[in-house]
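A.B. asks: In my numbering, the protein residues as written are 161 to 318. Glycine residues also receive a C-beta, built at the ideal position from the N, C-alpha and C atoms. Mind looking over this structure? Questions follow.
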Amino acid sequence: MAAPELRRRRDSLSDDGSDSELDDNEMDQMVDEMHKEGAEDQNQSKWSKVKACCKEWGETSSCHGVPHMAQAHTLCAAMVWGVILFFAACGFVYLFSSTLAQYLAFSKIVMLNLGMESSNFPSVTFCNINPYKLSKIKGVQELNALLTVYENAGTSGN
């Protein structure tokens, strides 16, 4: 049996079918640039680090208005957004504190007004739901006798 062919292990940055293989010079340039960026980060003052951190947080924040303030191109626009945010925060604090104080007061309102005033009866027309006409009932002798019995029964009980 023949020994299996050993494949040459490829660099993890390159693919078999790609034309973008990096040569050593390009790789050295990339490493040098990364070292320069790291050195610049170390040379920054604390204030510039805090400023960069706050700007990054503001741009990615989901709070309403904060990304607008962080992404403002001019100082005037940032100040306008800052004033808007300040007044919105003050309004929130005021409404929240007043609502909380009202809730924590545990006030009970037990005031019942029962107004028994007479009111005019509205002029309403009631529709007759009786399906029989009185003139037709009086035309039939048996029904007329029954109607007379009902009328007499209502008046004789008094």
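1) Per DSSP, what kind of secondary structure is Gly218 in: helix, strand or coil?
2) State buried or exposed for Met229, treating a residue as buried only when at least 16 other CB atoms are found within 10 Å of its CB.
3) Using DSSP with H/G/I as helix, E/B as strand and the rest coil, what is Pro291?
4) Does the distance from the CB of Ala232 to the CB of Trp241 come in under 8 Å?
5) Return the chain-ordered list of same chain residues with a C-beta closer than 8 Å to the C-beta of Asn304, the five sequence neighbours on each side being excluded.
6) Reducing DSSP to helix, strand and coil, say where Pro150 ends up.
C.D. replies: This is what the structure gives:
1) Within the sequence shown, residue 218 is the residue found at index 58, counting from 1. It is helical.
2) Your numbering for residue 229 matches position 69 in the sequence shown. Counting every other CB atom within 10 Å of its CB across the protein chains shown gives Met229 a total of 16 or more, marking it as buried.
3) On the sequence shown, residue 291 is found 131 positions in, with the first residue counted as 1. Coil, per DSSP.
4) Stepping through the sequence shown from its first residue, residue 232 is reached at position 72. Stepping through the sequence shown from its first residue, residue 241 is reached at position 81. A contact, by the Cβ cut-off of 8 Å.
5) As a first step, residue 304 must be located in the sequence shown, where it is residue number 144. So the list reads Ile297 and Lys298, once near-sequence residues are dropped.
6) Shown here, the chain extends from 161 to 318; a query on residue 150 therefore has no answer.
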